[in-house]
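Numbering (our numbering), first residue to last: 40 to 382.
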């Protein structure tokens, strides 16, 4: 560590089901670089689970503990969840050119268009809940956690963004952040109901601006912001509308940030503490630009080990390239043109 330049960053982790393995790869690459440390992490859905697992690992075993916790979580997801839609029928129907195709899963998702989870899943079974509860001891996140956590959920009654911070974190908070209303019942916390945080903030960025002191926010995206071809088939249209529904809140938030920084740069806004903080923030983005565009929205439920490993490798490689190109910008300036990207 002696003589190394340490850069402290904040992370904003987007949700997207099993595509969150891309984020796992990004986090593992950062953990392998001892020049990188973390202050705050915001997350939604699988991004929230990644954030909490990373923080738990850091609290109990440092960098190696964090890598081990993330790997254990995702290997359990791949090994245990893939059994749900496996078997001879599944394997015989598997499209060899796109292992995101799940005939049994497709049949179940078709039912969710007609029946609510209150009818399809009357016992409210959620194997992810059990897995996460066994993977994280929340007392380590609530007290003496080395990073600040901001976990996003959507308040069903008002549609407002709810941020759960360290002292509020529980298995219910994480499950609320990852609660897709067509699949699972709303999660009740203190008498209020919550759905997936992606509807209100995917991922939320403002908590990192106003509740952390370091300048750099690295946003890890797994829903493509742009597409190259117009969607024309039913699957393509469904894919794009799904991406848009989970990007809208994020795009609106980033446009507000970009607009505010532009106004401050032009001295069109009064200079105060909040304006000063906004002006010093540096935004960086790591995107899954290749893999997500190759698979339809159903693939976010695909937990085959080969699929998880594919996204993990892609995330690790993307973070490796990003660090090579942008480490020197940390603490100095943004590595993306916010106005061009979001305004």
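Cβ atoms here follow ideal geometry from the backbone N, Cα and C, with glycine treated the same way.
No experiment lies behind these values; they were computed from the predicted model shown.
Do residue 292 and residue 245 have their CB atoms nearer than 8 Å? yes
My output table needs one value for residue 43: the three-state DSSP class, helix, strand or coil. coil
What are the boundary residues of the alpha helix (DSSP H) that includes residue 171? 166-174
Identify every residue that forms a DSSP beta bridge with residue 333. DSSP lists no partner for residue 333.
May I ask you to check if the CB of residue 97 is nearer than 7 Å to at least one heavy atom of the ligand ZN? The model on display carries no ligand, and the ligand ZN is accordingly not part of it.
Indicate the three-state DSSP secondary structure (helix, strand or coil) for residue 53 in the structure shown. coil
Which value, in whole angstroms, describes the spacing of the CA atoms of residue 64 and residue 74? 17 Å
Reducing DSSP to helix, strand and coil, say where residue 188 ends up. strand
With 8 Å set as the bound, which would you pick, yes or no: does the beta-carbon of residue 297 sit closer than that to a beta-carbon of chain B? No chain B appears in this structure, which consists of one protein chain only.
Suppose you measure from the CA of residue 330 to the CA of residue 295; what does that come to, to the nearest Å? 29 Å
Bridge partners - residue 260, DSSP secondary structure assignment: 326
Beta-carbon separation of residue 95 and residue 190 under 8 Å? no
When the Cα of residue 48 is compared with those of 377, 380, 372, 222, which residue comes out closest? 372
Does DSSP put residue 202 in a helix, a strand or coil? strand
May I ask which residues mark the beginning and end of the beta strand (DSSP E) holding residue 226? 226-228
Secondary structure at residue 351, three-state DSSP: helix, strand or coil? helix
If you follow the beta strand (DSSP E) that residue 72 is in, where does it begin and where does it stop? No beta strand (DSSP E) contains residue 72, which DSSP labels as neither H nor E.
Are the beta-carbon atoms of residue 325 and residue 256 separated by less than 8 Å? no
In whole angstroms, what separates the C-alpha of residue 108 from that of residue 348? 16 Å
Excluding the 5 residues flanking residue 121 on each side, which residues of the same chain have their C-beta closer than 8 Å to its C-beta? 342, 343, 344
Among residues of its own chain, excluding the 5 on either side of residue 163, which ones have a beta-carbon nearer than 7 Å to its beta-carbon? 224
Taking 6 Å as the limit between beta carbons, can you name the residues of its chain near residue 231, skipping five residues before and five after? none
Contact belief for residue 303 with residue 375 at Cβ below 8 Å, rounded distance in angstroms: Not really, about 17 Å apart at Cβ, beyond 8 Å.
Count the other CB atoms, across all protein chains shown, that sit within 10 Å of the CB of residue 249; report buried if there are 16 or more and exposed otherwise. exposed
Between residue 278 and residue 336, how many whole angstroms is the CB-CB distance? I'm expecting something under 8 Å. 5 Å
Measuring alpha carbon to alpha carbon, tell me which of 363, 186, 355 ends up nearest residue 21. A query on residue 21 cannot be resolved here, the shown segment of the chain reaching from 40 to 382 and no further.
If the criterion is Cβ atoms closer than 8 Å, does the pair residue 180 and residue 205 meet it? yes
Measuring only the C-alpha atoms, how far is residue 79 from residue 208? 14 Å
Residue 248 - DSSP class collapsed to helix/strand/coil: helix
What residue ranges within the region 76-100 form continuous alpha helix (DSSP H) runs of no fewer than 4 residues, ordered along the chain? none
Comparing C-alpha positions only, which one of 251, 247, 238 sits nearest to residue 200? 238
Beta-carbon separation of residue 85 and residue 101 under 8 Å? no
Bridge partners of residue 48, per DSSP? 77, 255
With respect to the alpha helix (DSSP H) encompassing residue 179, which residues constitute its N-terminal and C-terminal limits? 178-181
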